[in-house]
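*Asks:* Encoded as structure tokens, here's the structure I'll be asking about.
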Amino acid sequence: MVSGDKIIRFPTPFHKAGLSLMLTANLLTERVNTVLKPYGISEQQYNVLRVLEGQRGNPINLRSIQERMIYKMSNTTRLVEKLKQKGLVERVICEDNRRMVEITITNGGIELLKYLAPIMKVHIISSFENLKAKEANQLTALLEKIRE
């Protein structure tokens, strides 16, 4: 791997693969944030909206959202609050347990996701334009194997 004018040597191919994976993940995250920035949301906020969309109108608590996040260390409370301020989600105190807060996506949040769907599709396809479909499937299989 080349960094600036230096060639970086790795003790094992696994070290090189790990660094390459982290660099690629960071690049993809930066690209997604660039695409989403004009719409006033971050990649993590988009992730929250997608989790809520998957609930099909059923409320979900903060802990369940956190468990489904790509980045488990996200400050879900802060993310939800920012989305609430934008009118994209609602927070409702649970009738059965007043300490529990349940979150639902608003019509505005659903409409934003519908609007973003084709934009994100084009972005994702262009991010992998150097791969053939077969290579993308192989990459997915390898990444899933790492997560086992």
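FYI, in this note's numbering the residues of the sequence shown are 2 to 149.
Ideal Cβ positions, reconstructed from N, Cα and C, are used throughout, including at glycine.
1. Ignore the nearest five residues each way along the sequence and tell me which others in Val81's own chain have a CB closer than 8 Å to its CB.
2. Roughly how many whole angstroms lie between the Cα atoms of Ile71 and Arg148?
3. Any beta carbon of chain D sitting closer than 9 Å to that of Lys87?
4. Output yes or no for whether 9 Å exceeds the beta carbon distance between Leu114 and Glu68.
5. Starting from Val93, follow its DSSP beta bridges and name the residues at the other end.
6. In its own chain, which residues sit with a C-beta less than 6 Å from the C-beta of Thr77, not counting the 5 before and 5 after it?
7. So, at 7 Å on beta carbons, what are the nonlocal neighbours of Thr107 in its own chain, with the 5 sequence-adjacent residues on each side left out?
8. If you draw a straight line from the alpha carbon of Ser43 to that of Glu31, how long is it in whole angstroms?
9. What does Asn158 pair with, by DSSP beta-bridge criteria?
10. Do Gly58 and Leu84 have their beta-carbon atoms positioned less than 9 Å apart in this structure?
11. Measuring only the C-alpha atoms, how far is Asn131 from Lys38?
12. Taking 9 Å as the threshold (C-beta atoms), are Val36 and His124 in contact?
13. Closer than 8 Å by C-beta to Gly41: which residues in its own chain qualify, once you throw out the five before and the five after it? Chain order, please.
14. Work out the CA separation of Ile126 and Leu117 for me, nearest whole Å.
15. Have a look at Leu28, Lys73 and Cys95 and flag the residue whose alpha-carbon is nearest the alpha-carbon of Ile61.
*Replies:* So, from the listed chains and residues:
1. Position 80 of the sequence shown, counted from the first residue, corresponds to residue 81. The residues are Val49, Leu63, Ile66, Val90, Arg92 and Ile104.
2. Within the sequence shown, residue 71 is the residue found at index 70, counting from 1. Within the sequence shown, residue 148 is the residue found at index 147, counting from 1. Those two C-alpha atoms are separated by around 13 Å.
3. Judged by its chain identifiers, the structure shown contains no chain D, having just a single protein chain.
4. In the sequence shown, counting from the first residue as 1, residue 114 sits at position 113. In the sequence shown, counting from the first residue as 1, residue 68 sits at position 67. The answer is no: Cβ separation not under 9 Å.
5. Working through the sequence shown from its first residue, we reach residue 93 at position 92. Answer is Glu103, bridged to Val93.
6. The residue you call residue 77 lines up with position 76 of the sequence shown. These residues qualify, in order along the chain: Leu63, Ile66 and Gln67.
7. As a first step, residue 107 is located in the sequence shown; it is residue number 106 there, counting from the start. Counting only Cβ-Cβ distances below 7 Å, and skipping sequence neighbours, we find Gly88, Leu89, Val90 and Glu91.
8. As a first step, residue 43 must be located in the sequence shown, where it is residue number 42. As a first step, residue 31 must be located in the sequence shown, where it is residue number 30. Whole-angstrom Cα-Cα distance: 10 Å.
9. This structure cannot speak to residue 158, because the chain is shown only from 2 to 149.
10. In the sequence shown, counting from the first residue as 1, residue 84 sits at position 83. In the sequence shown, counting from the first residue as 1, residue 58 sits at position 57. No, they are not a contact pair.
11. Translated into the one-based positions of the sequence shown, residue 131 becomes position 130. Translated into the one-based positions of the sequence shown, residue 38 becomes position 37. Approximately 25 Å between the Cα atoms of the pair.
12. Translated into positions along the sequence shown, residue 124 becomes position 123. Translated into positions along the sequence shown, residue 36 becomes position 35. Yes, they are a contact pair.
13. Sequence index remark: in the sequence shown, residue 41 carries index 40 (1-based). The residues are Lys87.
14. Your numbering for residue 117 matches position 116 in the sequence shown. Your numbering for residue 126 matches position 125 in the sequence shown. Each residue's Cα considered, the two are about 14 Å apart.
15. For the purposes of this step, residue 61 is taken as residue 60 along the sequence shown, with counting starting at 1. Nearest to Ile61 by alpha-carbon distance, out of Leu28, Lys73 and Cys95, is Cys95.
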